[in-house]
Amino acid sequence: MAFASKYPRTTIESVLHNSWKQIVDNAPSQEQDPFRAVAWALSNEAPFDPLIVCSRGRILYVLDAKQKTTIGKLRGHGGEITAIAVHPSFPYLVCTCSRDFSARLYDLTMPPRDAPNNPHWPPSMSPSLGGAPHGLQSSEPEGVGTGRCVAVLCGGPSGGHNAAVLNASFHPTYPLLATCGLDRAVKIWVLPKLSFEEMAREDKPLFSSSRIHQARIMSVNWLSLDVLATHSAPALMRRNGQKENIYLADGTIAIWRWLGFDRFFPPNSQKPSKVMRGCASLAWPFNPDILSPQASFKLLSVAPISQLTRHLHVAYTLRNNYVIAITLPDRIRLHNVADFQPRQRPSFPLGENDGDDIPDLNRLHLDEEGDEEEHVAPAPIVSQRAALSPPLEGKDIVIPTAGHNLQAVSLGCHGLSLMALGANGRIWIWTDATD
């Protein structure tokens with residue numbers, strides 16, 4: 001099991017026959033940023049030697065768990081790395097998400113580049129000197145050891161993220177990558193052709209929508225060929241557009257289907273579509289009950305989660321179902337995706353209170369001269385929702401010795417083991433004792 005800490009080292013704890021082995025990798029003293037993300041990886045050249053990929057600030061480290069050495073140190077991002085995702089079928093492909101609005105794909109079987117290989121931007125005939133914010137390479141070497149950036153999913157108004165990228169997930173069987181971020185957007189990218197000589201750059205995803213959640217999206221996971229699960233953090237909302245009447249809305253878990261999958265990957269064709277031109281859904285006004293003709297997704301189930309949620313992990317079990325593990329301050333809450341209820345049909349015609357989710361409807365009206373004025377409606381009664389009582393039926397695992405210091409949880413071995421991590425460095429491990 002690997003976990004990251006705020007101290008200037010990465011600690012890897014390996015459990016084997018009730019014995020613990022500790023591997024400590026000291027980082028340079030001048031780099032005092034905390035370790036943010038960690039993941040397991042494998043190389044084709046040594047499939048029995050697991051690799052540990054971790055980030056500290058904007059630097060990506062590759063560690064050999066068996067040899068207890070650092071075999072790679074890579075740079076490229078212009079901001080802090082927030083998450084690391086590893087391809088489930090090709091574990092040497094690693095995706096890093098960053099606060100520089102971009103995501104980068106690394107191939108751990110290639111050596112780093114010694115010199116930039118940026119394209120030229122007309123009218124200049126020389127290679128561009130732009131750096132990481134433009135999806136390019138800096139003038140300094142990429143790093144030392146093993147690993148090379150083979151693709152960049154750029155951010156910006158042309159189609160990429162407009163804020164920090166917080167999480168990513170590879171499709172298990174198709175060349176697709178889903179990302180989510182601080183801009184409340186979920187994007188699905190097609191993986192470009194990877195080359196040893198050139199670094200691919202992509203800024204136009206196949207799918208992009210900010211209508212699924214009302215707050216920043218913390219995680220994204222593939223559940224099937226075209227079904228995804230995302231969850232968002234709590235959000236400050238206004239009642240009827242009033243600045244003084246503010247409440248904290250619960251975060252949500254959304255299970256939704258991407259309707260454009262068959263368009264790009266026809267079921268009766270062995271090859272994907274030759275033309276992959278993406279489409280986007282409108283961002284505002286947000287109303288999940290009204291789907292515009294441009295919407296290319298369908299919400300299957302939306303359920304609120306506790307405002308005290310600190311971490312969420314989705315795992316596939318041996319019983320052919322998905323389990324969601326939610327980390328609360330003093331307990332772990334487990335939900336089966338099969339228990340999620342379908343989303344209720346919206347009322348039609350719209351009732352009196354169905355427009356409360358759209359703040360602009362209650363703020364504007366036309367007077368006799370045709371000018372728009374602001375109209376403030378009376379504030380409704382705000383009902384308080386219990387933070388620890390989501391409407392989903394699940395199983396709680398209370399840890400009395402944890403206090404309120406639980407930080408993260410992970411399901412491993414296809415649901416046969418459960419691991420929790422506390423803020424004080426304590427680890428709790430459960431295993432399946434059934435036959």
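In terms of our numbering, the sequence shown opens at residue 1 and continues consecutively. Just so you know, even glycine gets a beta-carbon here, dropped at the ideal spot from N, CA and C.
Through-space distance from residue j to residue i, alpha-carbon basis
| i | j | result |
| --- | --- | --- |
| Asp33 | Gly155 | 24 Å |
| Leu182 | Leu176 | 21 Å |
| Tyr219 | Val186 | In the sequence under discussion, the amino acid at residue 219 is Ser, which differs from the Tyr named in the question. Computed Cα separation, rounded: 10 Å. |
| Ser89 | Asn245 | 49 Å |
| Arg211 | Cys180 | 12 Å |
| Tyr316 | Asn405 | 26 Å |
| Ile217 | Ala178 | 12 Å |
| Ala215 | His231 | 9 Å |
| Asp64 | Pro47 | 12 Å |
| Asp357 | Ser208 | Residue confidence is low: Asp357 scores 48 on pLDDT, short of 50, so the model does not pin down where it sits. Its coordinate-derived value is still stated next. Going by the C-alpha atoms only, they are around 22 Å apart. |
| Ala164 | Asp203 | 15 Å |
| Leu74 | Ser169 | 21 Å |
| Leu418 | Lys68 | 25 Å |
| Arg263 | Ser273 | 7 Å |
| Arg310 | Gly425 | 16 Å |
| Pro304 | Ser102 | 29 Å |
Residue range of the beta strand (DSSP E) that includes residue i
| i | result |
| --- | --- |
| Arg333 | 331-336 |
| Phe207 | 207-209 |
| Ser297 | Checking the sequence, you will find Phe at residue 297 rather than Ser. It spans 297-304 - the beta strand (DSSP E) in which Phe297 sits, taken as one unbroken run. |
| Asp64 | 59-64 |
| Gln407 | 406-412 |
| Met276 | Looking at the DSSP string, Met276 is not in any beta strand (DSSP E), and its letter there is neither H nor E. |
| Glu142 | That residue, Glu142, is in no beta strand (DSSP E); it is neither H nor E in DSSP. |
| Glu393 | Where Glu393 is concerned, there is no enclosing beta strand (DSSP E), given that its DSSP letter is neither H nor E. |
| Ala235 | 235-238 |
| Thr69 | 69-74 |
| Ala433 | Looking at the DSSP string, Ala433 is not in any beta strand (DSSP E), and its letter there is neither H nor E. |
| Lys187 | 186-190 |
| Ile212 | Looking at the DSSP string, Ile212 is not in any beta strand (DSSP E), and its letter there is neither H nor E. |
| Tyr247 | 246-249 |
| Met218 | 217-222 |
| Ala83 | 81-86 |
| Cys154 | Careful: Cys154 lies outside any beta strand (DSSP E) and carries neither H nor E. |
| Met419 | 417-422 |
| Gly181 | 176-181 |
| Ala254 | 252-258 |
| Leu108 | Where Leu108 is concerned, there is no enclosing beta strand (DSSP E), given that its DSSP letter is neither H nor E. |
| Ser55 | 51-56 |
| Ala315 | 311-316 |
| Tyr92 | Element bounds for Tyr92: n/a, residue is neither H nor E. |
| Ala168 | 165-170 |
Proximal residues to residue i (C-beta, below 6 Å), its chain only, five neighbours per side dropped
| i | result |
| --- | --- |
| Thr434 | none |
| Gly515 | The requested residue 515 does not occur in the structure, where the chain is confined to residues 1 to 435. |
| His77 | Arg58, Ser98, Asp100, Ala132 |
| Val86 | Ala39, Ala41, Val94 |
| Tyr106 | Val94, Gly147, Cys149 |
| Asp396 | Arg331, Arg333 |
| Val302 | Thr252, Ala254, Arg343 |
| Leu439 | Coverage of the chain is limited to positions 1 through 435, which leaves residue 439 absent and any answer about it impossible. |
| Leu416 | Asp432 |
| Leu312 | Ser219, His231, Ile326 |
Counted within 10 angstroms of its Cβ, other Cβ atoms place residue i as buried (16 or more) or exposed
| i | result |
| --- | --- |
| Ser158 | exposed |
| Val152 | buried |
| Thr401 | exposed |
| Asp371 | Legend: pLDDT at Asp371 = 48, less than 50; position of this residue unreliable, no value from coordinates given. |
| Trp430 | exposed |
| Pro91 | buried |
| Val398 | exposed |
| Pro112 | buried |
| Thr173 | exposed |
| Ser224 | exposed |
| Gly143 | buried |
| Tyr247 | exposed |
| Val275 | exposed |
| Asn167 | buried |
Limits of the alpha helix (DSSP H) - the one that residue i falls within
| i | result |
| --- | --- |
| Arg263 | 261-264 |
Nonlocal neighbours in the same chain, by C-beta distance under 7 Å from residue i, ignoring five residues either side
| i | result |
| --- | --- |
| Asn320 | none |
| Lys298 | Trp256, Arg257, Leu259 |
| Pro205 | Gly159, Lys187, Ile188, Trp189, Gly278 |
| Gln341 | Ser301 |
| Phe196 | Met110 |
| Leu228 | Ala178, Val220, Asn221, Trp222, Trp256, Trp258 |
Integer-rounded CB distance, given that residue j should sit under 8 Å from residue i
| i | j | result |
| --- | --- | --- |
| Met237 | Ala254 | Actually they do not touch by this definition, with Cβ atoms about 17 Å apart. |
| Gln307 | Pro234 | 5 Å |
| Ala200 | Thr327 | Not really, about 36 Å apart at Cβ, beyond 8 Å. |
| His335 | Gly394 | 4 Å |
| Thr82 | Ala37 | 7 Å |
Close Cβ partners of residue i (< 8 Å) along its chain, the five nearest in sequence each way excluded
| i | result |
| --- | --- |
| Thr109 | Ser43, Asn44, Glu45, Tyr92, Thr146 |
| Leu191 | Leu105, Ala151, Pro175, Leu176, Leu177 |
Interface flag, residue i vs chain B, CB-CB below 8 Å
| i | result |
| --- | --- |
| Asp203 | Reference to chain B is not applicable here, since this structure consists of a single protein chain. |
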